[in-house]
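A.B. asks: Each residue of the sequence shown is one higher than the last, beginning at -15 in our numbering. C-beta: ideal position from N, C-alpha, C; glycine also. Okay, here's the structure, questions in a sec.
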Amino acid sequence: MDNLEKRKKQIRFDEIKSTVRKVEAVIELAVLAAVYYGIFKFGYCTSDTPLLQGNSKYFLIIIYVLLNFILFHYCDGFKFGHIKLSDVTISQWISVFIANFVTYFQICLIFNGMVTPMPMILITLIDFVAAFVLSYLFTAIYHAYCIPKRMIMIYGNDDAPTLKRKMDTRSDKYQIKRMMSCNEYSFDEITKAIPEYDAVVINDVDAKSRNDLLKFCYKNSIRTYSVPKLSDVIYSGSDDIVLFDTPLKLIRGRGLTPAQRFLKRTMDLVLCFIAMIPSSVIMLIIAAAIKIEDGGSVFYRQKRITKDNREFEILKFRSMIENAEADGKPHPATENDDRITHVGKVIRALRVDELPQLLNIIKGDMSIVGPRPERVEHCELYGQQIPEFEFRNKVKGGLTGYAQVYGKYNTTPLDKLKFDLMYIENYSLALDIKLILMTIRILFKKESTEGFEENNAVVEAVSDKAEKEKILANK
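Okay, structure coming up:
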């Protein structure tokens, strides 16, 4: 079979794979609807509830299915095989819990009073089991029919092995079989080798070479993955201008519009005041525990940078001894750091040491979602090597964000900047909701400490300035 036929077969296979995913989603939603209908009918449909008789209960089922579909979609609950089984399962459990929680109060409104939650608790437990079983089954199906793609990486700098190591962690999807440098091979040699593989990865090559490679791959229907440059991320949020017979792209570079800022601020205040109801009790208990342990201050304050490069003091519950950074320099906490107090170990493990930042959000220094506000000294250090680092300050810093959800503990400052610009340039209220839901998922993962503990290990753990600059120079 020649290369053209192989690519056509791959395109057909991708179409089938997409159809299979949709069928799996329909099957799972049907199972959840059946569980809901069965227990709902016997748990809540009685002679005393005429509103739930006849066809009205089917309307409630439709609402239930739509709610689950939306939550699954925003939590990546349908990405069987694309993400880890544990991630899919946790996403579905979060979605099911939220859907059932909302549905319970919907039923209470119908009854015009509080009703027993036992049927909904039973539905939730069965849904949890069903979600795990179906996720396991659909993930197994994905790995059974999806053959890892044999890929060739075309690179232009010496950092290419870093991306290869990352992609090697998902060898079930990607297998880099060959690497070719644009500096060592001619364009003709590279294009001659490309058709022998299923896909191409273009990693930080010069503009002309990248354009030529993209056009070659596009012409020959070759699947292509490209590492974006900062200008690409900025360009992704541009608007189409079709007033003339020459298409234009408009890049505003202003951050959020006034309407977007108003909606975002409204959502911040509403969600924070709702969160403060249960959190206030927890915060009082933590504050008392910190005070009782050593009599020191309850809060830890630190200078951070937010929108328009403005400094503010971020609040955290103090989890270390007083004056843990007495010399004024950052000292990241290690796993068994003796500076961490007994209370600190607990609140760090439970991810509640940053609850006081709800006050920062209410005050207006931060938002729930946005680029993580960096320490002043870090902004200065990053800015020396990445002048564009200040672009992320076109919006308020956030408690969580794109980099916190999709980044990892050792994500480089440049990659974090790209994530933050992706968020700014593609902002929507729906994206904020998605990132909030995804944040709930990563709290169940060990590596989630990246977004919630200010270790900044990429730079802070390196004491030698030259080595720091080498790390930051990954541009």
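On the DSSP bridge list, what partners appear for Ser165?
C.D. replies: Residue pairing of Ser165 in beta bridges, as defined by DSSP: Tyr139.
A.B. asks: Taking all protein chains shown into account, decide if Phe43 is buried (16 or more other Cβ within 10 angstroms of its Cβ) or exposed.
C.D. replies: Counting of Cβ neighbours within 10 angstroms places Phe43 among the exposed residues, the total staying below 16.
A.B. asks: Could you tell me how far apart the beta carbons of Ser331 and Cys256 are, in whole angstroms, since I believe they sit closer than 8 Å?
C.D. replies: Going by the sequence as given, residue 331 is Ile instead of Ser. The pair is not a contact, with the Cβ atoms about 19 Å apart (cut-off 8 Å).
A.B. asks: How about Leu342 and Ala259: are their beta carbons less than 9 Å apart?
C.D. replies: Contact: yes.
A.B. asks: Name the one or two DSSP bridge partners that Ile324 has.
C.D. replies: In the DSSP output, where bridge partners are listed per residue, Ile324 has Met304.
A.B. asks: Using the C-alpha atoms, what's the distance from Leu234 back to Ile225?
C.D. replies: 7 Å
A.B. asks: Go ahead and pull the three-state DSSP assignment for Met98.
C.D. replies: Met98 falls in the coil class under three-state DSSP.
A.B. asks: By the three-class DSSP mapping on this structure, what secondary structure does Phe89 have?
C.D. replies: Annotated three-state conformation of Phe89 is helix, per DSSP.
A.B. asks: Measure the Cβ-Cβ separation of Arg425 and Ser75 and say whether it is below 9 Å.
C.D. replies: Cβ atoms of Arg425 and Ser75: closer than 9 Å.
A.B. asks: Taking only three categories from DSSP, how would you classify Arg332?
C.D. replies: helix
A.B. asks: Where does Lys199 sit, in a helix, a strand or coil, going by DSSP?
C.D. replies: Here Lys199 carries a helix assignment [DSSP, helix/strand/coil].
A.B. asks: Could you compute how far the alpha carbon of Glu353 sits from the alpha carbon of Gly385?
C.D. replies: According to the sequence displayed, residue 353 carries Val and not Glu. Distance between the alpha carbons of Val353 and Gly385: 5 Å.
A.B. asks: Is the beta carbon of Thr123 closer than 9 Å to that of Gly65?
C.D. replies: yes
A.B. asks: Using 10 angstroms around the beta-carbon of Met422, count the other beta-carbons present and answer buried if the total reaches 16, otherwise exposed.
C.D. replies: buried
A.B. asks: Ignoring anything shorter than 3 residues or poking outside the segment 221 to 304, list the beta strand (DSSP E) runs there in chain order.
C.D. replies: 223 to 225, 232 to 234, 283 to 289, 295 to 301
A.B. asks: Helix, strand or coil: how does DSSP classify Thr175 here?
C.D. replies: helix
A.B. asks: In this structure, does DSSP put Ser412 in helix, strand or coil?
C.D. replies: Ser412 falls in the coil class under three-state DSSP.
A.B. asks: Hey, quick one: how far does the beta strand (DSSP E) through Ile352 stretch, first residue to last?
C.D. replies: 350 to 353
A.B. asks: Count the other C-beta atoms from every protein chain shown that fall within 10 angstroms of the C-beta of Tyr284, then say buried if there are 16 or more, exposed otherwise.
C.D. replies: Flag for Tyr284 reads buried.
A.B. asks: Verify whether the separation of the beta carbon atoms of Glu306 and Ser281 is less than 9 Å.
C.D. replies: yes
A.B. asks: Buried or exposed: Lys380, going by 16 or more other Cβ atoms within 10 Å of its Cβ?
C.D. replies: buried
A.B. asks: Can you tell me which of the three DSSP states Gly382 falls into?
C.D. replies: strand
A.B. asks: Is Val10 helix, strand or coil by DSSP?
C.D. replies: helix
A.B. asks: Taking Cβ positions, are Asn84 and Met98 nearer each other than 9 Å?
C.D. replies: no
A.B. asks: Taking Ala333 as the reference, give the member of Phe301, Ser205, Ala243 with the closest Cα.
C.D. replies: Phe301
A.B. asks: Counting Cβ pairs closer than 8 Å, one from the segment 124 to 136 and one from the segment 165 to 184, do we hit at least three?
C.D. replies: yes
A.B. asks: Suppose the cutoff is 8 Å on Cβ atoms and the five residues either side in sequence are ignored; what does the same chain contact list for Val189 look like?
C.D. replies: Ile138, Tyr139, Gly140, Cys166, Leu197
A.B. asks: I need the straight-line Cα distance from Asp349 to Tyr126, nearest angstrom please.
C.D. replies: 45 Å
A.B. asks: Taking its Cβ as the centre, do 16 or more other Cβ atoms sit within 10 Å of Lys291, making it buried, or is it exposed?
C.D. replies: By the Cβ neighbour-count rule, Lys291 is buried, with 16 or more other Cβ atoms within 10 Å of its own.
A.B. asks: Spell out whether any CB of chain D is found under 9 Å from the CB atom of Arg425.
C.D. replies: Absent from the structure is chain D; it holds one protein chain and no more.
A.B. asks: Phe(-3): buried (16+ other C-beta within 10 angstroms of its C-beta) or exposed?
C.D. replies: Phe(-3) is exposed by the Cβ-count criterion.
A.B. asks: I believe Ile107 touches Ile23 by the beta-carbon criterion, under 8 Å. Please report the beta-carbon distance rounded to the nearest angstrom.
C.D. replies: That pair is a contact at about 5 Å.
A.B. asks: Terminal residues of the continuous alpha helix (DSSP H) containing Ile346?
C.D. replies: 341 to 347
A.B. asks: Which same chain residues end up closer than 7 Å to Ile417 when comparing Cβ atoms and leaving out the 5 residues on each side of it in sequence?
C.D. replies: Tyr58
A.B. asks: Taking contact to mean at least 3 C-beta pairs separated by less than 8 Å, is the segment 262 to 280 in contact with the segment 241 to 249?
C.D. replies: no
A.B. asks: In the DSSP assignment, find the unbroken alpha helix (DSSP H) run with Val184 in it and report its ends.
C.D. replies: From DSSP, Val184 is part of no alpha helix (DSSP H) but of the beta strand (DSSP E) over 183 to 187.
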